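A.B. asks: Residue numbers for the sequence shown, in the working numbering: 547 to 862. Starting off with a structure, shown below.
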Amino acid sequence: MTASVRKNRVAAIDCGTNSIRLLVADLPAPDSRPSTPLTDVVRRMEIVRLGAGVDRTGRLAADAIERTRVALADYAHQISELGVDRVRMVATSASRDAANAGDFTAMVRATIGVDPEVVSGDEEARLSFDGAVRGLPASEPSPYLVVDIGGGSTEFVTGTQTVDHAISMDVGCVRMTERHLVTDPPNSAEIAAAERDITAAVRRALEVVPGRDAKTLVGLAGSVTTVAAIAMGLETYDPDRIHHARISAADVARVTDDLLVATRAQRLAIPVMHPGRADVIAAGALILRTVMAESGASAVVASEHDILDGIAWSLG
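The structure is reproduced here in structure tokens:
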């Protein structure tokens, strides 16, 4: 590997409520055309559930911090082997909410040698937008509504090539599952309570960001891509087929209904289901369905590129 390649090689780490993800990528040369994409070297994801119980206790659990440390140590080894020049780690909703966030920061510094940036909801939204919008097909018209459904929060962003409006709401697949969908499968009262919370949050968000005026809805993160994979009938999770797939509102509603009545064992048996996502996917799908209903979107464009890509681009 030449020094010129290494100079543009960056590592982005996104540590959210449910998962921790790594992207090692080569940035385009400074004289490249603006449309030149990142060159992926490694993309990885581990479910660590850092935010388990935070909504109830206000603290990160010791075992959750340890799960995250183990994954992060593995990432640090790979980053070193690949000759990365610059590293940025962003920590989102779980560590933003926790009273003992200092314990998490100390662990990250000791494990990977950089401090995690606990970004604001607005910055999280802007990074997500940048990662998602770069590379969208010309057939997908702007303005865009980009919705990033995380474990603890959901970001809503509107704009064209840059952000016009952004807001983060405290509804995510882990938070809504822990707060409402506690039986297996959830009963009608639990589903109704989750729907009330989610609908109220989505309506508040759409009062701030003009999502109903958007021409294209872009959905980010594992809840969206998993729903897309199920709707497409995939037998294996295929990021290349999922990326920029258009999923109709009717198909999202159908998949959501099926997930809400399925047991955890039945969700685990779905071929494209990541084991760490099976217990929270119904809430994630419900958030997506509500966003589409409230915004009037007839379809969602699923994107495999998101905040992780935005973090990488920010290192250029």
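Where is the CB? At the ideal position from N, CA and C, for every residue including glycine. The structure displayed is predicted, hence computed values, not measured ones.
With distance defined between alpha-carbon atoms, name the residue in I611, S794, I695 nearest to V770.
C.D. replies: Comparing Cα-Cα distances from V770 to each of I611, S794, I695, the minimum goes to I695.
A.B. asks: Cutting at 7 angstroms between CB atoms, please list the residues of its own chain near A746, excluding the five before and the five after it.
C.D. replies: Around A746: no qualifying Cβ.
A.B. asks: With 16 other CB atoms within 10 Å as the buried threshold, where does T548 fall?
C.D. replies: Unreliable positioning characterises T548 in this predicted model, as indicated by a pLDDT of 41, which lies under 50. The coordinate reading is nonetheless provided below. Counting Cβ neighbours within 10 Å, T548 comes out exposed, since fewer than 16 surround it.
A.B. asks: Using a 10 Å radius around the Cβ and a threshold of 16 neighbouring Cβ atoms, would you call D676 buried or exposed?
C.D. replies: Its Cβ being crowded by 16 or more others within 10 Å, D676 is buried.
A.B. asks: To the nearest angstrom, how far is it from the Cα of M653 to the Cα of A795?
C.D. replies: If I take the Cα positions, the gap works out to 42 angstroms.
A.B. asks: Give me, in chain order, the residues of the same chain whose beta-carbon lies closer than 7 angstroms to that of D852; leave out the 5 immediate sequence neighbours on both sides.
C.D. replies: Closer than 7 angstroms at the Cβ level, and outside the excluded window around D852, lie S674, G677, A678, D694, L766, A767.
A.B. asks: Between A839, D620, N564, T706, which has its C-alpha nearest E741's C-alpha?
C.D. replies: Out of A839, D620, N564, T706, A839 has the C-alpha closest to the C-alpha of E741.
A.B. asks: Beta-carbon separation of G597 and T563 under 7 angstroms?
C.D. replies: Result yes, Cβ atoms of G597 and T563 sit closer than 7 angstroms.
A.B. asks: If distances are taken between C-alpha atoms only, which option among D572, L691, V630 comes closest to A843?
C.D. replies: Among D572, L691, V630, the Cα nearest to that of A843 belongs to L691.
A.B. asks: So V709 and I625 are supposed to be a Cβ contact under 8 angstroms. How far apart are they, rounded?
C.D. replies: Not a contact, Cβ separation roughly 29 angstroms.
A.B. asks: Mind checking G667: buried by the 16 CB within 10 Å criterion, or exposed?
C.D. replies: Looking at its Cβ environment, which holds 16 or more other Cβ atoms inside 10 Å, G667 is buried.
A.B. asks: Enumerate in chain order the residues of its own chain whose CB-to-CB distance from G604 is below 6 angstroms, with the five nearest sequence positions on each side excluded.
C.D. replies: Taken in chain order, the residues that qualify are A645.
A.B. asks: What do you reckon, are the CB atoms on T762 and P687 nearer than 7 angstroms?
C.D. replies: For T762 and P687, yes; Cβs fall inside 7 angstroms.
A.B. asks: Could you pull out every unbroken alpha helix (DSSP H) segment of at least 4 residues lying fully inside the segment 658–690, listed in chain order?
C.D. replies: Segments of the alpha helix (DSSP H) lying fully in the segment 658–690: 667–679.
A.B. asks: Return yes when the Cβ of L861 is within less than 7 angstroms of the Cβ of I827, no when it is not.
C.D. replies: The answer is no: Cβ separation not under 7 angstroms.
A.B. asks: Could you give the residue range of the alpha helix (DSSP H) that holds M838?
C.D. replies: Per DSSP, M838 belongs to the alpha helix (DSSP H) from 827–841.
A.B. asks: When you compare only the Cα positions, how much space is there between R813 and T782?
C.D. replies: Spanning the two alpha carbons is a distance of roughly 14 angstroms.
A.B. asks: Note the first and the last residue of the continuous beta strand (DSSP E) segment covering T704.
C.D. replies: 700–705 is the extent of the beta strand (DSSP E) around T704.
A.B. asks: Taking the straight line between their C-alpha atoms, what separation do you get for G830 and T772?
C.D. replies: The straight-line gap from Cα to Cα measures roughly 9 angstroms.
A.B. asks: L568 lies in the beta strand (DSSP E); which residues open and close that run?
C.D. replies: Start and end: 565–572.
A.B. asks: Rounding to the nearest angstrom, what Cα-Cα distance links G697 and G718 in this structure?
C.D. replies: Each residue's Cα considered, the two are about 5 angstroms apart.
A.B. asks: Report back the beta-carbon spacing between R835 and A791 to the nearest angstrom; my notes put them in contact at under 8 angstroms.
C.D. replies: Not really, about 17 angstroms apart at Cβ, beyond 8 angstroms.
A.B. asks: Below 8 angstroms on the Cβ atoms is my contact criterion, and I expect M715 with R750 to pass it. Report the Cβ-Cβ distance as a whole number of Å.
C.D. replies: At roughly 7 angstroms, the Cβ-Cβ gap stays under 8 angstroms, so M715 and R750 are in contact.
A.B. asks: Return helix, strand or coil for H623, following the three-state DSSP convention.
C.D. replies: Looking at H623 - three-state DSSP - the assignment turns out to be helix.
A.B. asks: Looking only at its chain, what residues have a beta carbon closer than 6 angstroms to the beta carbon of P583, apart from the 5 residues adjacent to it on each side?
C.D. replies: So the list reads G681, once near-sequence residues are dropped.
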